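Novice: Supplied in structure tokens, the structure appears directly below.
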Amino acid sequence: MKLPLWNLLASPDKERSLHIAVSPTGEQKFTFTAWCNSHLRKAGTQIENIEEDFRDGLKLMLLLEVISGERLAKPERGKMRVHKISNVNKALDFIASKGVKLVSIGAEEIKRSENSISKTLRGWKFLGKKERKIVDGNVKMTLGMIWTIILRFAIQDISVEETSAKEGLLLWCQRKTAPYKNVNIQNFHISWKDGLGFCALIHRHRPELIDYGKLRKDDPLTNLNTAFDVAEKYLDIPKMLDAEDIVGTARPDEKAIMTYVSSFYHAFSGAQKPIDVIFVKSPWEAHSGTPPDFIQKEPPLTLEQSTSSEGWAETAANRICKVLAVNQENEQLMEDYEKLASDLLEWIRRTIPWLENRAPENTMHAMQQKLEDFRDYRRLHKPPKVQEKCQLEINFNTLQTKLRLSNRPAFMPSEGRMVSDINNAWGCLEQAEKGYEEWLLNEIRRLERLDHLAEKFRQKASIHEAWTDGKEAMLRQKDYETATLSEIKALLKKHEAFESDLAAHQDRVEQIAAIAQELNELDYYDSPSVNARCQKICDQWDNLGALTQKRREALERTEKLLETIDQLYLEYAKRAAPFNNWMEGAMEDLQDTFIVHTIEEIQGLTTAHEQFKATLPDADKERLAILGIHNEVSKIVQTYHVNMAGTNPYTTITPQEINGKWDHVRQLVPRRDQALTEEHARQQHNERLRKQFGAQANVIGPWIQTKMEEIGRISIEMHGTLEDQLSHLRQYEKSIVNYKPKIDQLEGDHQLIQEALIFDNKHTNYTMEHIRVGWEQLLTTIARTINEVENQILTRDAKGISQEQMNEFRASFNHFDRKKTGMMDTDDFRACLISMGYNMGEAEFARIMSIVDPNRLGVVTFQAFIDFMSRETADTDTADQVMASFKILAGDKNYITVDELRRELPPDQAEYCIARMAPYTGPDAVPGALDYMSFSTALYGESDL
Numbered sequence: 001m002k003l004p005l006w007n008l009l010a011s012p013d014k015e016r017s018l019h020i021a022v023s024p025t026g027e028q029k030f031t032f033t034a035w036c037n038s039h040l041r042k043a044g045t046q047i048e049n050i051e052e053d054f055r056d057g058l059k060l061m062l063l064l065e066v067i068s069g070e071r072l073a074k075p076e077r078g079k080m081r082v083h084k085i086s087n088v089n090k091a092l093d094f095i096a097s098k099g100v101k102l103v104s105i106g107a108e109e110i111k112r113s114e115n116s117i118s119k120t121l122r123g124w125k126f127l128g129k130k131e132r133k134i135v136d137g138n139v140k141m142t143l144g145m146i147w148t149i150i151l152r153f154a155i156q157d158i159s160v161e162e163t164s165a166k167e168g169l170l171l172w173c174q175r176k177t178a179p180y181k182n183v184n185i186q187n188f189h190i191s192w193k194d195g196l197g198f199c200a201l202i203h204r205h206r207p208e209l210i211d212y213g214k215l216r217k218d219d220p221l222t223n224l225n226t227a228f229d230v231a232e233k234y235l236d237i238p239k240m241l242d243a244e245d246i247v248g249t250a251r252p253d254e255k256a257i258m259t260y261v262s263s264f265y266h267a268f269s270g271a272q273k274p275i276d277v278i279f280v281k282s283p284w285e286a287h288s289g290t291p292p293d294f295i296q297k298e299p300p301l302t303l304e305q306s307t308s309s310e311g312w313a314e315t316a317a318n319r320i321c322k323v324l325a326v327n328q329e330n331e332q333l334m335e336d337y338e339k340l341a342s343d344l345l346e347w348i349r350r351t352i353p354w355l356e357n358r359a360p361e362n363t364m365h366a367m368q369q370k371l372e373d374f375r376d377y378r379r380l381h382k383p384p385k386v387q388e389k390c391q392l393e394i395n396f397n398t399l400q401t402k403l404r405l406s407n408r409p410a411f412m413p414s415e416g417r418m419v420s421d422i423n424n425a426w427g428c429l430e431q432a433e434k435g436y437e438e439w440l441l442n443e444i445r446r447l448e449r450l451d452h453l454a455e456k457f458r459q460k461a462s463i464h465e466a467w468t469d470g471k472e473a474m475l476r477q478k479d480y481e482t483a484t485l486s487e488i489k490a491l492l493k494k495h496e497a498f499e500s501d502l503a504a505h506q507d508r509v510e511q512i513a514a515i516a517q518e519l520n521e522l523d524y525y526d527s528p529s530v531n532a533r534c535q536k537i538c539d540q541w542d543n544l545g546a547l548t549q550k551r552r553e554a555l556e557r558t559e560k561l562l563e564t565i566d567q568l569y570l571e572y573a574k575r576a577a578p579f580n581n582w583m584e585g586a587m588e589d590l591q592d593t594f595i596v597h598t599i600e601e602i603q604g605l606t607t608a609h610e611q612f613k614a615t616l617p618d619a620d621k622e623r624l625a626i627l628g629i630h631n632e633v634s635k636i637v638q639t640y641h642v643n644m645a646g647t648n649p650y651t652t653i654t655p656q657e658i659n660g661k662w663d664h665v666r667q668l669v670p671r672r673d674q675a676l677t678e679e680h681a682r683q684q685h686n687e688r689l690r691k692q693f694g695a696q697a698n699v700i701g702p703w704i705q706t707k708m709e710e711i712g713r714i715s716i717e718m719h720g721t722l723e724d725q726l727s728h729l730r731q732y733e734k735s736i737v738n739y740k741p742k743i744d745q746l747e748g749d750h751q752l753i754q755e756a757l758i759f760d761n762k763h764t765n766y767t768m769e770h771i772r773v774g775w776e777q778l779l780t781t782i783a784r785t786i787n788e789v790e791n792q793i794l795t796r797d798a799k800g801i802s803q804e805q806m807n808e809f810r811a812s813f814n815h816f817d818r819k820k821t822g823m824m825d826t827d828d829f830r831a832c833l834i835s836m837g838y839n840m841g842e843a844e845f846a847r848i849m850s851i852v853d854p855n856r857l858g859v860v861t862f863q864a865f866i867d868f869m870s871r872e873t874a875d876t877d878t879a880d881q882v883m884a885s886f887k888i889l890a891g892d893k894n895y896i897t898v899d900e901l902r903r904e905l906p907p908d909q910a911e912y913c914i915a916r917m918a919p920y921t922g923p924d925a926v927p928g929a930l931d932y933m934s935f936s937t938a939l940y941g942e943s944d945l
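Residues 1 to 945 (UniProt numbering) are what the sequence shown spells out, left to right.
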């Protein structure tokens with residue numbers, strides 16, 4: 001009967017098979033639980049029962065996200081069994097996506113040996129009802145899954161001296177514990193029972209934590225507890241094993257031991273590593289055994305040469321001084337870069353929140369102040385930071401060039417301070433800057449619109465309130481109860497005239513309500529008072545309508561009593577009311593404020609005004625006709641002695657009021673003419689500003705583009721020496737800098753346009769933002785290009801390359817740069833090497849690509865190409881040569897003393913060596929002996945300094 005246990009399959013080529021059975025022992029559960037918690041605590045959680053806490057798949061998915069650093073699919077949050085199975089399936093699919101294949105095997109397969117872990121972790125796949133067994137809390141299945149995860153993410157990638165995974169981890173342990181007596185690591189079970197192996201690993205890397213000389217092999221319990229406690233307290237390695245279980249077991253669990261030991265490997269492999277190097281191979285020897293014929297290596301100093309005379313010692317000291325001076329200079333450049341990058345990122349971090357602040361203001365003055373602050377930022381604060389950013393890139397490129405020329409490893413800035421990180425932060429800054437400017441302009445437009453609408457609302461509301469004043473009291477009168485028949489008739493006709501007047505005012509009420517609604521939609525700051533006033537007007541209007549209807553009904557009840565009416569009074573009222581409304585509307589229109597942004601708009605207003613003036617003669621005729629009616633009434637009253645009390649009972653509009661309003665209209669017309677004329681002149685001035693800005697922008701924009709193209713051609717052409725190219729570029733730079741006053745002049749014109757609230761310009765497609773970005777790119781491009789040529793000169797002089805060789809390098813590079821981008825891709829570079837006689841396989845080509853493209857961008861720049869070619873043809877200092885020089889100073893000893901360093905080297909460089917050299921621990925060591933061999937290899941990045 002087969003048991004559903006876990007087993008690792010062999011690699012796809014099936015050369016070997018490795019089957020590891022998992023025994024659900026308490027020791028494995030304790031170890032695997034502690035290992036999982038060591039990672040889950042980074043996410044602020046942990047597990048208590050390994051077979052229960054992984055059943056719903058949530059913490060299993062979280063564990064995989066923590067150890068892989070990747071995001072898994074969104075988990076199911078339900079509590080049903082189908083949700084748990086779905087989550088476990090997502091976790092297993094993620095494991096499978098990492099090239100891992102898991103197979104359920106039978107009991108007869110459990111006892112097969114696990115002898116090649118590194119060759120088995122190439123592809124995994126689950127068979128059977130694995131997810132259901134995990135959801136059901138199957139202990140064996142869960143432990144096997146966790147062991148698989150440990151193998152994949154904690155052991156598989158271990159590599160030591162061409163061995164990997166389990167064999168690599170075992171070889172690492174043997175190398176680290178080799179100097180310790182009574183420690184013989186041959187496996188991952190009984191070799192660790194006495195605890196000395198764990199103590200030796202800790203002492204090898206952190207000798208201050210354990211007094212190894214006091215440990216005894218016959219006291220394993222104390223040894224194990226000491227190692228476990230020290231690892232937990234000082235190395236952040238949680239306790240995964242129980243000392244009593246290990247001592248009380250004939251053969252400790254191998255997987256538990258491997259899991260715990262792998263934690264030591266990862267803890268120490270990322271920290272300061274001890275120097276285990278006995279001899280050092282050059283990169284050529286490490287790959288092919290012998291260096292290529294075209295590499296000229298300086299022969300090492302022999303013992304006879306080292307002791308022949310003091311001149312050799314002086315030569316060696318000079319070489320060391322030269323190497324140390326280069327190293328000190330590079331360290332200073334690194335510190336300068338870090339500080340400048342940190343300061344620039346801090347400024348960006350402080351500036352972006354200010355640009356992202358969208359707190360609106362209630363007044364135009366406050367928004368204008370914000371716009372002025374933004375202009376100060378653009379004009380005063382940002383330009384120096386643009387220069388700092390450009391200088392930072394130049395310093396970074398110069399440092400990398402110096403490191404390559406001195407055969408040092410490339411400089412890697414601190415996390416978050418790479419040039420790409422700064423460029424990303426700068427892009428976020430410019431995006432926030434653009435959004436802030438757009439928001440400012442939109443807010444100014446909004447406030448301008450709000451002020452206009454609020455003033456219009458107040459005017460219409462005041463006119464309406466003046467009209468409705470006393471209307472309610474009039475409608476509530478009961479004068480018809482005691483009136484004569486003729487008076488009743490007059491009251492009815494007067495009421496009809498009032499209804500006509502009321503209807504004429506309906507449009508104004510609707511306009512007031514519409515304006516109030518628009519003010520609310522535009523978030524006007526004084527909306528409560530506007531709404532209250534509008535509501536009062538609407539309520540009053542509804543009340544007027546109700547009162548009007550009520551009075552009409554009362555008058556109609558007495559309509560049969562009305563027989564006579566003065567038709568002339570009625571006609572006067574009917575014609576005077578609309579004419580009066582027309583005059584009030586005309587006065588309102590003539591006093592209405594206007595906002596225009598173009599000449600076309602002001603011309604439209606002027607045309608409408610002229611059309612209005614054309615209607616004045618007809619209006620004057622209507623006025624005379626109305627006054628004629630009133631004069632006719634007066635004549636009839638005088639002729640027939642009609643008792644009318646001298647007033648028109650149908651209207652309150654008098655001839656004097658009509659004449660007064662007519663005179664007011666005639667006075668407002670020339671004022672409107674003057675206002676339109678002044679606005680027309682202002683729009684003509686704005687149009688001149690647009691044309692002036694457009695004319696300059698249409699010249700400056702193409703000029704910047706042309707200069708960018710010319711600089712690009714200079715960087716890839718071979719006209720003259722590098723010094724000639726550099727001189728030519730500096731002339732370009734000078735001409736560009738001399739062009740700055742025109743940019744400043746354009747900035748001034750742009751400021752005038754913004755102050756005039758001009759928001760568009762049909763005379764050019766260039767905005768000031770386009771010109772600024774193009775100008776900054778032009779300055780950055782010319783500075784970067786000059787820096788590249790300077791680095792080429794630095795490379796040429798340092799490597800002794802002639803101008804003819806540089807021209808040949810450039811010709812070869814340009815020939816194989818098929819896309820003419822200034823960079824060769826991988827295929828172009830391979831073709832270039834083949835054309836120069838290189839005969840290499842994939843491994844050798846990959847090694848060369850790691851030199852010329854350390855960042856794995858897939859392209860080779862001209863500077864990297866020159867560095868490679870100069871390295872192939874020039875002689876540089878190596879770790880072996882520096883080591884041989886130290887050996888001369890040390891009198892052919894394997895170590896050197898402090899006195900010898902101070903005697904042979906200048907004081908500052910002697911102290912530099914003393915502070916960084918590790919103590920020599922060889923069998924021939926003396927007190928105060930220093931290890932110059934590890935120090936020499938560390939200078940060239942072959943080990944840790």
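Just so it is clear, CB atoms sit at the ideal spot from N, CA and C, and this is done for glycine as well.
Note that the structure is predicted; figures quoted are calculated from it, not measured.
1. Candidates Lys29, Asn37, Leu58: which alpha carbon is nearest Glu51's?
2. Using 8 Å for Cβ pairs, my map puts Leu676 next to Leu752. What's the rounded Cβ distance?
3. Give me the Cα-Cα distance between Trp147 and Lys255, rounded to the nearest whole angstrom.
4. In terms of DSSP beta bridges, what is Pro919 paired with?
5. For Val665, which of helix, strand or coil comes out of DSSP?
6. Buried or exposed for Tyr234, going by 16 or more other Cβ atoms inside 10 Å?
7. Rounding to the nearest angstrom, what Cα-Cα distance links Arg349 and Lys42 in this structure?
8. Assign Met768 to buried or exposed, taking buried as 16 or more other Cβ atoms, counted over all protein chains shown, within 10 Å of its Cβ.
9. In angstroms with no decimal places, state the Cα-to-Cα distance between Ala425 and Trp354.
10. Output the distance between the C-alpha atoms of Lys297 and Ile150, rounded to the nearest integer angstrom.
11. Pop quiz: Glu338 and Arg417 are said to be a contact at Cβ under 8 Å. What is the actual Cβ separation, rounded to whole angstroms?
12. How would you call Glu649, buried or exposed, if buried means at least 16 neighbouring beta carbons within 10 angstroms?
13. With 16 other CB atoms within 10 Å as the buried threshold, where does Ile626 fall?
14. Leaving out the 5 sequence neighbours to the left and right, which residues in its chain are closer than 8 Å to Ala504 when beta-carbon positions are compared?
15. When burial is assigned at 16 or more other CB atoms within 10 Å of the CB, is Asp211 buried or exposed?
16. Taking the alpha-carbon positions, what's the Glu571 to His630 distance?
17. If you reduce the DSSP assignment to three classes, tell me which class Val859 lands in.
18. Would you check if the distance between the CB atom of Lys59 and the CB atom of Ala73 is smaller than 7 Å?
19. What's the gap between the Cα of Arg552 and the Cα of Ala614?
20. Just to confirm my understanding: we take Cys173, look at its own chain, exclude 5 residues before and 5 after, and list those with CB closer than 6 Å. What are they?
21. Would you decide whether Pro75 is buried or exposed? Buried here means 16 or more other CB atoms lie within 10 Å of its CB.
22. Counting C-beta neighbours from all protein chains within 10 Å, is the total for Glu331 16 or more, i.e. buried, or is it exposed?
23. From what residue to what residue does the beta strand (DSSP E) around Asp825 run?
24. Out of Glu723, Lys740, Arg818, Ala267, point me to the one whose CA is closest to Asn807's CA.
25. Measuring only the C-alpha atoms, how far is Arg378 from Gln674?
26. Is Thr795 helix, strand or coil when you go by DSSP?
27. Using alpha carbons as the reference points, say which of Arg175, Asp194, His83 lies closest to Asn182.
28. Using only CA atoms, which one of Val789, Cys913, Pro670, Tyr569 lies nearest to Ser486?
29. Which two residues bound the contiguous alpha helix (DSSP H) that contains Ala879?
30. Use the C-beta contact count for His815: other C-beta atoms within 10 angstroms, 16 or more gives buried, fewer gives exposed.
31. Indicate whether Thr826 and Gly774 have their beta-carbon atoms separated by less than 7 Å.
32. Have a look at the DSSP bridge pairing and note the partners of Thr222.
33. So, at 8 Å on beta carbons, what are the nonlocal neighbours of Arg251 in its own chain, with the 5 sequence-adjacent residues on each side left out?
34. With a threshold of 8 Å on Cβ separation, who are the neighbours of Leu403 within its own chain once the five nearest residues in sequence on each side are excluded?
Specialist: The structure says:
1. On the sequence shown, residue 51 is found 51 positions in, with the first residue counted as 1. Shortest Cα-Cα distance from Glu51 to any of Lys29, Asn37, Leu58 involves Lys29.
2. Counting from 1 along the sequence shown, the entry for residue 676 is found at position 676. Counting from 1 along the sequence shown, the entry for residue 752 is found at position 752. Not quite, the Cβ-Cβ distance comes to about 24 Å (not below 8 Å), so this is no contact.
3. Along the sequence shown, one-based indexing puts residue 147 at 147. Along the sequence shown, one-based indexing puts residue 255 at 255. Roughly 8 Å separates the two Cα atoms.
4. As a position in the sequence shown, residue 919 is number 919, starting the count at 1. Note: Pro919 sits in a beta bridge opposite Leu930.
5. Working through the sequence shown from its first residue, we reach residue 665 at position 665. DSSP places Val665 within a helical segment (H, G or I) once states are collapsed to three.
6. As a working note, residue 234 is residue 234 in the sequence shown. So Tyr234 ends up on the exposed side.
7. Within the sequence shown, numbered from 1, the residue matching residue 349 stands at position 349. Within the sequence shown, numbered from 1, the residue matching residue 42 stands at position 42. Going by C-alpha positions, Arg349 is about 27 Å away from Lys42.
8. Start at 1 with the first residue of the sequence shown, and residue 768 comes out as number 768. The residue in question, Met768, is buried, as its Cβ has 16 or more Cβ neighbours within 10 Å.
9. Indexing the sequence shown from 1 puts residue 425 at position 425. Indexing the sequence shown from 1 puts residue 354 at position 354. Within the model, the alpha-carbon separation for Ala425 versus Trp354 is close to 15 Å.
10. As a first step, residue 297 must be located in the sequence shown, where it is residue number 297. As a first step, residue 150 must be located in the sequence shown, where it is residue number 150. Because Lys297 sits at a pLDDT of 35, beneath the cut-off of 50, its placement in the model cannot be relied upon, and the point is left open.
11. Your numbering for residue 338 matches position 338 in the sequence shown. Your numbering for residue 417 matches position 417 in the sequence shown. Yes, Glu338 and Arg417 are in contact; Cβ-Cβ is about 6 Å, under 8 Å.
12. Working through the sequence shown from its first residue, we reach residue 649 at position 649. A quick correction: the sequence has Pro, not Glu, at residue 649. The C-beta of Pro649 has 16 or more other C-beta atoms within 10 Å across all chains shown, which makes the residue buried.
13. On the sequence shown, position 626 is the one that residue 626 refers to. Buried, since its Cβ has 16 or more Cβ neighbours within 10 Å.
14. Locating residue 504 in the sequence shown gives position 504, where the first residue counts as 1. Beyond the five residues adjoining it in sequence on each side, Ala504 comes within less than 8 Å, by CB distance, of Ala577, Pro578, Asn581 in the same chain, given in chain order.
15. As a working mapping, residue 211 is identified with position 211 in the sequence shown. Answer is exposed; the Cβ neighbour count stays below 16.
16. To locate residue 571, count along the sequence shown from 1; it is residue 571. To locate residue 630, count along the sequence shown from 1; it is residue 630. Taking the straight line joining both Cα atoms gives about 9 Å.
17. Numbered from its first residue, the sequence shown carries residue 859 at position 859. Secondary structure at Val859: strand, using DSSP grouped into helix, strand and coil.
18. Indexing the sequence shown from 1 puts residue 59 at position 59. Indexing the sequence shown from 1 puts residue 73 at position 73. Against a cut-off of 7 Å, the Cβ pair of Ala73 and Lys59 comes out as no contact.
19. Within the sequence shown, residue 552 is the residue found at index 552, counting from 1. Within the sequence shown, residue 614 is the residue found at index 614, counting from 1. The C-alpha of Arg552 lies about 40 Å from the C-alpha of Ala614.
20. Reading the sequence shown from its first residue, position 173 is the one you call residue 173. Contacts found: Ile185.
21. Within the sequence shown, residue 75 is the residue found at index 75, counting from 1. Buried, because 16 or more other Cβ atoms sit within 10 Å of the Cβ of Pro75.
22. In the sequence shown, the residue the question calls residue 331 occupies position 331. With fewer than 16 Cβ atoms within 10 Å of its Cβ, Glu331 is classed as exposed.
23. One-based indexing of the sequence shown puts residue 825 at position 825. Per DSSP, the unbroken beta strand (DSSP E) holding Asp825 starts and ends at 823-825.
24. Taking the sequence shown and counting its residues from 1, one reaches residue 807 at position 807. The shortest Cα separation from Asn807 among Glu723, Lys740, Arg818, Ala267 belongs to Glu723.
25. The count along the sequence shown starts at 1 and reaches residue 378 at position 378. The count along the sequence shown starts at 1 and reaches residue 674 at position 674. Spanning the two alpha carbons is a distance of roughly 39 Å.
26. If you number the sequence shown from 1, residue 795 lands on position 795. It is helical.
27. Along the sequence shown, read from residue 1 onward, the residue named residue 182 stands at position 182. Taking the Cα of Asn182 as reference, the smallest distance to any Cα among Arg175, Asp194, His83 is reached at Asp194.
28. Residue numbering aside, residue 486 sits at position 486 when the sequence shown is read from its first letter. Taking only the C-alpha atoms, the option nearest Ser486 is Tyr569.
29. The residue labelled residue 879 in the question sits at position 879 within the sequence shown. First-last of the alpha helix (DSSP H) with Ala879: 879-889.
30. Start at 1 with the first residue of the sequence shown, and residue 815 comes out as number 815. Exposed is the call here.
31. The residue you call residue 826 lines up with position 826 of the sequence shown. The residue you call residue 774 lines up with position 774 of the sequence shown. No, these two residues do not count as a Cβ contact at 7 Å.
32. On the sequence shown, residue 222 is found 222 positions in, with the first residue counted as 1. In the DSSP output, where bridge partners are listed per residue, Thr222 has none listed.
33. The residue labelled residue 251 in the question sits at position 251 within the sequence shown. Correct list, in chain order: His189, Ile190.
34. Here residue 403 refers to the residue found at position 403 when the sequence shown is read from its first residue. Leaving aside the five residues that flank Leu403 on each side, the residues in its chain whose CB is nearer than 8 Å to its CB run, in chain order, Asn330, Pro409, Ala410, Phe411.
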